[in-house]
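J.: Following our numbering, the numbering of the sequence shown begins with 23 at its first residue and continues without gaps. Built from N, CA and C at the ideal position, the CB exists for glycine as well. Before I ask anything, let me first share the structure, which is written out below as structure tokens.
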Amino acid sequence: MYIVMIASECAPVAKVGGLADVVYGLSRELELRGHAVEVILPKYDCMRVDHVWGLEVDHHDLWVPWDGGAIRCSVWFGFVHGRKCFFIEPHCRQEFFNRGTYYGFADDAERFAFFSKAALEFLLQAGKRPDVIHTHDWHTGLVPVLLYEIYAGAGLADLRACHTIHNFRHQGITGPHILEATGLGRPGYFAAPDRMGDDLDHHAINITRGAILYSNFVTTVSPHHAWEVRHSEVGFGLGHTLHLHQAKFGGILNGLDYEMWNPELDPHIPSHFNSSSIEKKAANTRALRERLLLRDTARPIAAYVGRLDAQKGLHLIRHAIFHSLQHGAQFVLLGSGSEHGINEDFWQLRCRLNDDPDCHLEIGYDEDLAHLIYAGADLLVMPSLYEPCGLSQMIALRYGTVPVVRAVGGLKDTVFDWDFSERPRHERNGFVFEHADNPGLESALDRAIGLWHGEPALFRELVRQGMLYDYSWNHPAQHYLDVYEFIRHKRDA
Ligand code: ADP
């Protein structure tokens, strides 16, 4: 099969969040299985060109119709760690992608609508006819709309579109001027409530809504999140639309990069181990304690690694710290926030706990320390309010660190409670709680700390069972291939 990914990010060349890892990881796995994959990205001035091999101009004069005129683009080609990537560079006074950073501008909707249009124009003019186009998040959500409304009639009739929503919070809500600029026109038609009109703002266009309507299949990043977005407020207003289109909507878990996250080879950790040599994990625990100046004591280390964002259940993270310290565990936190107030709170907490030999809070982003925490900790706490997929719990499992998580989104799909799961005993791998409150968290954390102290052999068994899970790209890639095959053959989808 020939698949083209059109996205605003791809790791590591242009990465802001998990979307970049998915585009890279899925493309790689599909290629390993013999499929042809190409990735189309904007050519950002801030992208990491040191991760591109053989970057050179492939097309000099790609004219893209835009806002009643046309913009000339150059299309570059290069390999990103083996992936074939095209980079679109528009030459225009707006300098769409020469802004020093990826997102955060008042005209983001225009920037990425232009990119969406340019990507299709490139396929058309370069004679590329993939079987499937796979788009990601609102930035490329206009691709399926433009494909159906304009480009199918211009020569791209046989292309099928799959769209993945990584984050429902950002939907690409913009004014109807985007319709004129892209050549769709007809605001009365497209901005109607049963098309791309936004439910909450009746004067606005919702690009993600357009992507849902016009794609042949829509996915989000875990099966449980696919249920949640239809039945709860985490769909951020798109629940009804998804309900109407549920026959072409599903959840596929993200995979974890098993090359980057491999306790047998990880260059960031002093002691390598696998599920048959769990005892070697202890050397990593010692190294973690030494690095963070924690005392050497017969207590488990509970940890949090992740963004400090309201979504992650900040009050519960805070509670987990104090509860762990008071109930026989040490606590390590590595967190970074984008909001000033949140960072400030955790800095204060850090000062308050500074002299506690059982606790260390590190505010900031530190890849190296993250690896050592996953390898050295015993428990990883994730009390998220919502979590579309979540990678940290999968990393923890691979590194023999038992996840203690709230039953939401991808956490519910990947962590199975040691005491209460419906799964057979040998498939259980962590501790799970339902309610986003202190008693809920305590119920799981107490059982985890209790098992570590009271039943070390059983705790080791739980660790081993977690390490045996396969959360690589192996299964998710097959699910995406099933979706691609389904939409290729179901022509009326
Ligand atoms: P989200 O995508 O919502 O941030 P995920 O659990 O899906 O959460 O992915 C988070 C990833 O980012 C994990 O690989 C985690 O280790 C890493 N990470 C998050 N915050 C930090 C940090 N402060 N330092 C190092 N790595 C971090």
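(1) Which same chain residues, not among the five before or five after Y135, have their C-beta less than 6 Å away from its C-beta?
(2) My output table needs one value for V243: the three-state DSSP class, helix, strand or coil.
(3) R105 lies in the beta strand (DSSP E); which residues open and close that run?
(4) Using a threshold of 8 Å, state whether the C-beta atoms of R41 and D130 are closer than that.
(5) Which same chain residues, not among the five before or five after V505, have their C-beta less than 8 Å away from its C-beta?
(6) By DSSP, does C373 sit in helix, in strand, or in coil?
(7) Could you tell me which residues DSSP puts in a beta bridge with L355?
(8) What is the DSSP secondary structure of R317, counted as helix, strand or coil?
(9) If we ignore side chains and look at the alpha-carbon of each, how far apart do M416 and G398 end up?
(10) Quick one: is the Cβ of R329 within less than 7 Å of any heavy atom of the ligand ADP?
(11) Taking the alpha helix (DSSP H) that I300 falls in, what are its first and last residues?
(12) Within 7 Å: the Cβ of L402 and any heavy atom of the ligand PLP?
(13) Any contact of the segment 360–367 with the segment 315–325, i.e. 3+ C-beta pairs under 8 Å?
(14) Using the rule of at least 16 other Cβ atoms within 10 Å of the residue's Cβ for burial, across every protein chain shown, is T196 buried or exposed?
(15) Are there any heavy atoms of the ligand ADP lying less than 7 Å away from the beta-carbon of D288, as far as the coordinates show?
(16) Please report how far the alpha carbon of L433 lies from the alpha carbon of H265, in whole angstroms.
(17) Taking the beta strand (DSSP E) that T157 falls in, what are its first and last residues?
(18) Between which residues of its own chain and W85 is the CB-CB distance below 6 Å, once the five residues before and five after are set aside?
(19) Span of the beta strand (DSSP E) holding P425?
(20) Please check the pair F455 and A470, which I expect to be a contact at CB under 8 Å, by giving their CB distance rounded to whole angstroms.
(21) Quick check on the burial criterion: 16 or more other C-beta atoms within 10 angstroms. Buried or exposed for G472?
(22) Pull the bridge partners of F455 from the DSSP assignment, please.
(23) Taking its Cβ as the centre, do 16 or more other Cβ atoms sit within 10 Å of K512, making it buried, or is it exposed?
(24) Within a Cβ cutoff of 8 Å, which residues of the same chain sit near A515, ignoring the five residues on either side of it in sequence?
(25) Mind checking R450: buried by the 16 CB within 10 Å criterion, or exposed?
(26) At the level of alpha carbons, what is the spacing between L63 and G207?
(27) Taking the alpha-carbon positions, what's the C68 to R321 distance?
(28) By DSSP, does A515 sit in helix, in strand, or in coil?
(29) Taking the alpha-carbon of H457 as reference, which of M404, N306, A499, Y66 has the nearest alpha-carbon?
(30) Would H188 be called buried (16 or more neighbouring beta carbons within 10 Å of its own) or exposed?
T.: Considering the structure as presented:
(1) A small fix is needed here, since residue 135 is Ala in this sequence, not Tyr. Hits under 6 Å: L164, I200, T204.
(2) coil
(3) 105–113
(4) Residue identity check: residue 41 is Leu in the sequence provided, not Arg. Cβ distance not < 8 Å, so L41 and D130 don't count as in contact.
(5) C184, F239, T241, G272, I274
(6) helix
(7) Y326, L383
(8) coil
(9) 15 Å
(10) yes
(11) Premise fails: I300 is in no alpha helix (DSSP H) and is neither H nor E.
(12) This structure lacks the ligand PLP; its bound ligands are the ligand ADP.
(13) no
(14) buried
(15) no
(16) 23 Å
(17) 154–158
(18) A92, R94
(19) 424–428
(20) Rounded, the Cβ-Cβ distance is 10 Å, inconsistent with contact.
(21) exposed
(22) R428
(23) exposed
(24) Unreliable positioning characterises A515 in this predicted model, as indicated by a pLDDT of 44, which lies under 50. The coordinate reading is nonetheless provided below. Here the set comprises R182, N238, F239, K270, F508, I509.
(25) buried
(26) 25 Å
(27) 45 Å
(28) Here A515 scores only 44 on pLDDT, less than 50, and its place in the model is too uncertain to base an answer on.
(29) M404
(30) buried
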